[in-house]
Structures are given as C-alpha cells and as structure tokens.
Amino acid sequence: METTIRRDDRHSGRGPVRSRFNPALLLAVIWLTGCGGPSGPELVPLHGVVTSNGRPVPGVFISFLPEKGRPSWALSDESGNYAATYSTDQAGVLPGTCRVWVTFKPSSVKQEMAMLKGENPFAEWTDLLKKYGSERTTALHLTVSADEPEMDLKLDY
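Listed below in structure tokens is the structure:
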C-alpha cells in the first residue's frame with residue numbers, strides 16, 4: 031500500500047513524500063514488546079485434597095500467601111479437592127514458603143438463608159477455624175515447589 035503525502039513546497043522546499051506501510055513490521059514490533067501472549071511469574075500448579083481429622087472438607091476457601099508476591103486462592107469441592115488460582119487466567123501458586131489459612135463462605139442459597147437467620151452452617155468446623163482461620167495465627171505453612179505440585183492439606187486439630 032503506497033500513500034502520497036503532499037507538503038507545501040514553500041515550507042520544505044521538496045516535492046511529494048512517499049511512505050510505505052508494512053504490516054509485517056507492525057506485527058514484529060508487537061511480538062517483540064510482549065503483547066503477543068500471556069506473561070507473568072512462574073507458578074506451581076498446586077492441587078490436592080483438604081481434610082480435617084481424616085474427613086474431606088468441602089466448600090472451604092483456601093488462601094496461599096507467599097513471603098513475596100501476591101496471594102493465590104482455591105475453593106474445595108464436595109470431596110475436598112482443590113486447585114489453586116493465581117489470577118483469572120493463571121492457575122497455581124508462587125514457589126517458596128507461604129502461609130495458608132481457610133475461611134468458609136456460603137456456596138448455596140441454603141447456606142446464605144441460614145446465615146441470614148443467624149444460624150451458622152459451618153458450625154461443625156469451628157475448631158478447625160480456631161487453628162487455621164486467620165492469616166496471622168494459622169498453624170499451616172507450606173513450601174511450594176515445582177517438584178511437588180500435589181499437596182494434600184491436613185487441617186487437623
């Protein structure tokens with residue numbers, strides 16, 4: 031594609047200037063600046079099963095806070111299985127040592143209604159929350175490594 035740009039001969043003293051648009055050059059610039067694909071820190075695709083005193087813990091929200099960097103999180107399913115999430119498009123946890131704590135959030139209308147009535151649908155997990163329910167006082171610290179992406183969390187009390 032060729033474009034002619036006219037300049038006023040009184041100012042430049044030259045005639046028309048020709049310029050060429052090169053789409054391949056534009057794509058190369060975008061690719062080299064990193065706009066061509068996802069980037070971010072190296073993550074460990076951490077997953078496993080959450081149990082407490084030998085029983086799976088369903089519906090628990092798990093927070094992973096590394097010594098440096100931003101946290102990851104997970105939500106266990108009905109069988110206690112979890113898979114950590116770093117961001118909306120990245121799974122995993124930053125490698126290294128991290129603090130882990132848990133909370134329960136309503137995951138159904140039934141649980142939300144019980145809470146609105148002043149009931150605690152998570153009462154059976156009160157002792158678990160005393161030990162692992164706070165970022166500051168949690169008893170659980172993990173060393174996350176690419177060598178061990180599967181880590182079961184035993185929240186015994």
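Just so you know, we're using the working numbering here: the sequence shown kicks off at 31 and counts up by one.
Backbone N, C-alpha and C define an ideal beta-carbon position, used for all residues, glycine too.
Please read these numbers as outputs of a predicted model, since none were measured by experiment.
Query	Result
Own chain partners of Pro88 with C-beta closer than 8 Å, once the 5 adjacent residues on each side are dropped	Ser106, Asp107, Glu108, Ser109, Gly110
Under the three-state DSSP convention, the category Tyr187 falls into	coil
Helix, strand or coil at Leu73 according to DSSP, with G and I counted as helix	coil
For Phe152 and Phe134, the rounded distance between their alpha carbons	7 Å
Own chain residues within Cβ distance below 6 Å of Phe91, not counting five before or after	Leu105, Thr133, Lys135
Test item: CB-CB of Leu124 and Leu172 under 8 Å	no
Beta-ladder partner(s) of Asn111, from DSSP	Val79
Three-state class that DSSP yields for Val142 in the structure shown	Here the sequence assigns Glu to residue 142, which means Val is not the residue at that position. Here Glu142 sits in helix by DSSP.
Residues near Ala169 in its chain [Cβ-Cβ closer than 7 Å; skip 5 each side]	Lys161, Tyr162
Rounded C-alpha distance that separates Thr115 from Gln141	24 Å
Asn83, buried or exposed, once every other Cβ within 10 Å from all chains shown has been counted against 16	exposed
Integer Cβ distance of Gly122 from Glu97, believed to fall under 8 Å	The Cβ separation is near 16 Å, so there is no contact.
Beta-carbon proximity check, Ser102 vs Trp131, cutoff 8 Å	no
Met181 and Leu76 closer than 8 Å at C-beta	yes
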